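Reviewing the structure listed below.
Residue numbers (this note's numbering): -11 to 703.
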C-alpha cells in the first residue's frame, strides 16, 4: 500500500505513511483496542522504510551472507511494525455516538503512555500530578506501579460525557504579551536574540522558572510581528475617524541600504510620506521607488494617499524647494495636483527657504565648502575647543566695529531672545543659537548661574544653525585673541552676525506660523532691500531670497487674512483688492511670485494688499472655507463662525517640513537596525513606531512599574 501510493498517485512519503497509519489504526479500532498516537505510527512506518531503503542500497555492496542476515532481521521486525497497542485495556463496549470519541480516547491514552512515544517511564511525580488533575474533572485513573519497562496501565471511566476526559494544559505566561513591551523592544532596536536574552533575564530576575514562560526566540519573534501588524491595523482604523478633515501631505526622499539582498553598499531610494491636519500627524509609508525622479516621487505620494483613503482630503502640499519638487511644469507637486485633478495649496518648507540665506552669506563672505562639512574654519574651532579658555571672550557690544550698529537695536533683539528662551524647542541647536545671541549682546541667559558655552556642534552642513552658531562663537573668542583668525575674515564674520541678529532671528523662530508667513516674508524682504549698513550683504541675501517668495503668491498671501497681528484697517484694504483683476494671466501651476529685478527697490513701500487680486479667492475654494465673513467688518471676524472654522484650518496647516525629516530619521534608524527583511512588515514597523513616538510626546504619564507591572505577564 505504501509503495503503490508513491508510484500510482505520486504522493510524498509523509502522505503515504499517514494513509497506512490510518488503515492500521482503523483495524485496531475494529478490534476495540486502543492505540498510540497517529503521529507515532507514522514515525514508525517512516523509520522502517528508511532502514529498508538503506538495505536495498547496500544489496550489491555487501556480501550475500551479510545482506541475507540483515534482510531476515528486517522481516522479523515487520510484525512489530504494526503492533501499535499502547498496552491499555479494551475500549468500553458502550461508546457514545460521537464518531470522534475513539480518536479522543486513544489520544488521551497515548499521552498517558510515555513509554510508547520513546520518552521512558512515567515518573511517580507525573503520575501523582495527572491523578490530581483527573480527580478535579471526574476522571477515575487506576494505575499500577511497575519496576519493569512495561507500559503503564490506565482505566478511563468517562461516564456519559467523554469530553470531560481531557485536562486542559495550564496556559503558560508570556513575558512579552503586551504591545508596550514589543513596541519598546522594537524602539530599542533589539534583535530577536537580544530580545530573548533580555526577556529571559527579566523572567529569571522575577524568581520564576524560565521554562514556565513562553520566551523562546521564535515565540518572541512571532509575537513582535503580530504586535506590529495589530498596532498598524489599529492606527489605520483610528485614522479613518479623521475622514473629511483637511490634510497636508509631506514627503522627503532618502537613500538607505536595502532590507535584504544585494550589497549593503548599493543604496535604494525610499520616500517617506506623511499627512498632517487638525489633530492628525500620521506616517503613511516609506516604500522603495525606482529612482528619485519627479515621476516616481509623484506616483509614490499618490499611491500612499490612495492606499490610506485620504487622497480626497489633501488640500495642501509641503516639501523642500528643489526644482524637482516645485517646478511649475514638471515638478512633483504639479504632477500630484494633476493626478488629483485639482489645484492644491503649496506650503514650501520655510526652514529650508530661510536656511539658504545664511548659507549664501557664509559661502560668499567666510568660506565656501564643497564637502558635506561646513568648512575648515569651523573644523579648526572644533579641534581647538577643549584647549581654549572659555572665559576669555568679549561680547559684540564691546566691539568698536559693532557698538554703533547695536546701540538702538540690542534692546529689541534681547526682548525677542528672552521671549523665545522661555519656550520649548525641538532641537538643541535652536536653543543654543538663542543663548549665543544673548551672550554676544552682553546678557547672561543662564542667570543666576555663570555663562556656559556648549561644545561646538557637528560641522556637517545638514545642521541648519551650524554656520550661524560657529560665526557667533568665533566672533567673541577672536576679539580676545583666544581663537586667532585673519582680520579680513573676522570683519566678514561680523557682517554676517550683525545681519543675523537684526534681521534673521525673528523670521526663523516664527517660521512655523502659517498665518503670519506672508507678513513675515514681506518684512524680511524689506529689511534686506533696505539694509544699507552693508550693501554686499543685502545683495547676497536678496539674490537668494527673491527666488523663494512662496507666501507672497496670489493664493498663499490669503493666509494673512487669518493673521491676528494685522490690523483690521489693512484687512479691509485686502478685502477690497479681491475685486481687482490680475494684471497678467499666469499659469495655475505656477506657485510663487518672482519679482522683476528693477521691482525690488519699490518693495520698500509695498503692503500685503499689493499681492492680492481676484485670483486670491482660489484660496478659500482650495481649503473649503466659507467666505461669508468677508462681507462683514474685519473687526467682527473673530466672532464669526465661518471665520473661526477657517482659522482652525489655517492653524492646522504646516509650513515647515519637519515631520518629513522625522520620518526620514525613522526610516534611517530602523533600516540600520534590520529588524525585519519583509518590506510589508517594515511598513507596519514604521507606522507602529511613529505612533509610539507621538504617544510619548503627548503623554504626561511616566513609565513606571506600577503603570505597566500588571500588564507585563499574561496569566
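The beta-carbon is built from N, C-alpha and C at its ideal position, and this holds for glycine as well. Computed from a prediction, not measured in an experiment: that's the story for all the values here.
Next item on the list: Rounded to whole angstroms, what's the CA-CA distance from residue 196 to residue 180? Just pull it up for me.
Entry: 22 Å
Note to self: So, with DSSP's three-state summary, where would you put residue 319?
What the structure shows: coil
Next item on the list: Using a threshold of 8 Å, state whether the C-beta atoms of residue 677 and residue 222 are closer than that.
Entry: no
Margin query: Are the CB atoms of residue 267 and residue 234 within a distance shorter than 8 Å?
Written below: no
Notebook entry, point to check: What three-state label does DSSP hand residue 257 in the structure shown?
Noted result: Note: residue 257 maps to strand in three-state DSSP.
Notebook entry, point to check: Hey, out of 621, 345 and 225, whose CA is closest to residue 456's CA?
Noted result: Residue 456 has its Cα closest to that of 345, out of 621, 345 and 225.
Notebook entry, point to check: What number of angstroms, rounded off, separates the C-alpha of residue 261 from the C-alpha of residue 507?
Noted result: 29 Å
Next item on the list: Count the other C-beta atoms from every protein chain shown that fall within 10 angstroms of the C-beta of residue 340, then say buried if there are 16 or more, exposed otherwise.
Entry: buried
Next item on the list: Counting only runs of 4+ residues fully inside the segment 193 to 254, write out the alpha helix (DSSP H) ranges in chain order.
Entry: Within the segment 193 to 254, the complete alpha helix (DSSP H) runs of at least 4 residues are 205 to 227.
Notebook entry, point to check: When burial is assigned at 16 or more other CB atoms within 10 Å of the CB, is residue 171 buried or exposed?
Noted result: buried
Next item on the list: Starting from the C-beta of residue 500, find all residues in its chain whose C-beta is less than 6 Å away, skip the five residues before and the five after it, and write them out in chain order.
Entry: 644
Next item on the list: Along the beta strand (DSSP E) that carries residue 270, what are the first and last residues, could you check?
Entry: 268 to 277
Check: Considering only residues of the same chain and omitting the five flanking positions on each side of residue 149, which have a CB-CB separation below 7 Å?
Finding: Note that residue 149 scores a pLDDT of 35, beneath 50, so its modelled location is shaky; the value from the coordinates is reported in the next line. Excluding positions up to five away in sequence, the list is empty.
Note to self: Contact between the segment 364 to 379 and the segment 463 to 473 is defined here as three or more beta-carbon pairs at a separation below 8 Å; is this criterion met?
What the structure shows: yes
Check: Are the Cβ atoms of residue 219 and residue 167 separated by less than 8 Å?
Finding: For the pair residue 219 and residue 167, the CB atoms are nearer than the 8 Å cut-off.
Item checked: Other residues of its chain near residue 39: CB distance less than 7 Å, five sequence neighbours each side excluded -> 62
Notebook entry, point to check: DSSP beta-bridge partners for residue 306?
Noted result: Paired residues: 238.
Check: Exposed or buried, which one is residue 627 when buried takes at least 16 other CB atoms within 10 Å?
Finding: So residue 627 ends up on the exposed side.
Notebook entry, point to check: Going by DSSP, what residues sit across from residue 334 in a beta bridge?
Noted result: 305
Next item on the list: Helix, strand or coil for residue 23, going by three-state DSSP, please let me know.
Entry: strand
Check: Straight-line CA distance for residue 562 to residue 608?
Finding: 14 Å
Check: residue 262 by DSSP, collapsed to three states: which one?
Finding: The answer is strand: DSSP assigns residue 262 an E or B state.
Note to self: Less than 8 Å between C-beta atoms, sequence neighbours within five positions excluded: which residues of the same chain meet that for residue 429?
What the structure shows: 383, 384, 385, 394, 398, 401, 402, 405 and 489
Checklist line | Secondary structure of residue 606, DSSP reduced to three states | finding: Looking at residue 606 - three-state DSSP - the assignment turns out to be helix.
Note to self: Report the CB separation of residue 11 from residue 30 in whole angstroms; it is logged as a contact under 8 Å.
What the structure shows: Rounded to the nearest angstrom, the Cβ distance from residue 11 to residue 30 is 12 Å, too far for a contact under 8 Å.
Next item on the list: Give me the Cα-Cα distance between residue 334 and residue 191, rounded to the nearest whole angstrom.
Entry: 54 Å
Next item on the list: Would you tell me roughly how many angstroms separate the C-alpha atoms of residue 301 and residue 633, rounded to the nearest one?
Entry: 16 Å
Margin query: Taking only three categories from DSSP, how would you classify residue 357?
Written below: coil
Next item on the list: Specify the secondary structure class of residue 364 as computed by DSSP and reduced to three states.
Entry: helix
Item checked: DSSP-derived helix/strand/coil call for residue 662 -> Under the three-state reduction of DSSP, residue 662 is assigned to coil, being neither helix nor strand.
Next item on the list: For residue 73, write down the residues that DSSP places opposite it in a beta bridge.
Entry: Residue 73 is bridged to 23.
Notebook entry, point to check: Could you give the C-beta distance for residue 352 and residue 528, rounded to a whole number, given that I count them as a contact under 8 Å?
Noted result: 5 Å
Check: From what residue to what residue does the alpha helix (DSSP H) around residue 508 run?
Finding: 505 to 517
Checklist line | Through-space distance from residue 390 to residue 396, alpha-carbon basis | finding: 11 Å
Notebook entry, point to check: How should residue 559 be labelled, buried or exposed, when 16 other C-beta atoms within 10 angstroms of its C-beta is the threshold for buried?
Noted result: So residue 559 counts as buried.
Check: So, helix, strand or coil for residue 42, using DSSP?
Finding: helix
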